[in-house]
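Structure record follows, encoded as structure tokens.
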């Protein structure tokens, strides 16, 4: 990978902030966007704005080609069996909620999830359990914040209708062993819903090899625009879904008493869609594919090694999750003794280093690991460099020595 050439693809990286370069270490929140994606979005708005699947004029036809073409690209990117297994959503949150509300659960069905989940992977099930629609249980991670496969084997049973699990933690950076999890789940006649928000942008995901039933992910974390995401689902499962949001495009016919639902996926895509977003995400997938997900993963692994080893040298720093970089993905969350996470982020911001601070929408895992009230988080992506990691460690060390 030619990192400098890749950085040239991102217009925002060509600018300075307050007259100086900046380091963007917040891609786990949202990624930067390459010019190819920006151009695709601008092209839709300036050259052929239209409504897919409705009007028949030239602009509408070109919109539909771009919209459905992007669906095909996403399907190929994760190796779905066919494009119809891709449902457009606003984000990972909506995709998980779509499953929670459109899948036909029966009273007493058991959902098994973990304490590693993002709020979006936890709340839909909590609310259904609170209303008495399902039973909810948890697999607790180990003391390092790793998914505990032995605990999972003890917890799952034939009453478990679905396992809802985050693939890559946005706090510890650890990854769950999906292929092993799906095999155990399917042996117990349970389905598996995967939150792939932090994994699809960084790793090569093969939904058929992993035998995933449902996969939720967002475009904005993988060089795509905000406001667009996807739900992958096996077609034989999706075809039994009823609309989570009912309305235009979800029906073939309707009268005052009844309606005939559209086929999948359009049945689950109510109303005018985010055409520019989908087309932009298609361009993002083209961009990532041109670089190669294996190349991206390898580059991030090298930087993660450097990041973790550097953080462990800083006085008073507590690294959240495993200390072994081989067990972590592309991010590191941490605290410094005597300092608040937001203060760390503000002081780094003053030096043009941008990180996340707070609970990262993952309250349970922070409370489980040392009862923390948040953390600072540095997250990496394909456009980051080893020199940026070195600068980050140097500046953070100075902060810790001076104020920690």
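Numbering (our numbering), first residue to last: 106 to 509.
Beta carbons: idealized from backbone N, C-alpha and C, even for Gly.
Taken through DSSP and simplified to helix, strand or coil, residue 360 comes out as coil. Secondary structure at residue 436: strand, using DSSP grouped into helix, strand and coil.
The DSSP-derived three-state label of residue 395 is helix. The C-beta separation of residue 357 from residue 347 comes to about 14 angstroms, leaving the pair out of contact by the 8 angstroms criterion. The beta carbon of residue 490 sits closer than 6 angstroms to the beta carbons of 108 from its chain, once the five residues preceding and following it are set aside; these are given in chain order. Listed in chain order, the non-local C-beta contacts of residue 291 below 8 angstroms within the same chain comprise 297 and 316, local neighbours out to five positions each way being set aside.
Nearest C-alpha to residue 182 among 453, 118, 280 and 309: 309. For the pair residue 415 and residue 498, the CB atoms are nearer than the 8 angstroms cut-off. If you keep only unbroken beta strand (DSSP E) runs of at least 3 residues inside the region 223-301, you get 240-244, 265-271 and 296-300. In terms of CA proximity to residue 458, 484 leads the group 479, 443, 484 and 473. If you draw a straight line from the Cα of residue 178 to the Cα of residue 170, it comes to about 12 angstroms. Within the same chain, Cβ atoms closer than 6 angstroms to the Cβ of residue 469 are found at 220, the five residues on either side in sequence being excluded. Within the region 414-484, complete beta strand (DSSP E) segments of at least 3 residues are found at 422-424, 436-441, 461-463 and 480-484, given in chain order. Rounded to whole angstroms, residue 337 and residue 189 show a C-alpha spacing of 9 angstroms. Between residue 114 and the set 487, 433 and 480, the nearest pair of CA atoms involves 487.
Within the model, the alpha-carbon separation for residue 402 versus residue 327 is close to 13 angstroms. Rounded to the nearest angstrom, the gap between the Cα atoms of residue 210 and residue 125 is 54 angstroms. The alpha-carbon separation between residue 393 and residue 478 amounts to approximately 35 angstroms.
Around residue 494, the same chain offers 408, 411 and 412 as residues with beta carbons nearer than 6 angstroms, after the five sequence neighbours per side are excluded. Taking C-beta separations shorter than 6 angstroms and ignoring five residues to either side along the sequence, the partners of residue 241 in its chain run 216, 230 and 234, following chain order.
Between residue 141 and residue 388 the beta-carbon gap is near 5 angstroms, inside 8 angstroms, which marks them as a contact. Your pair residue 340 and residue 186 checks out as a contact, with CB atoms roughly 7 angstroms apart and the cut at 8 angstroms.
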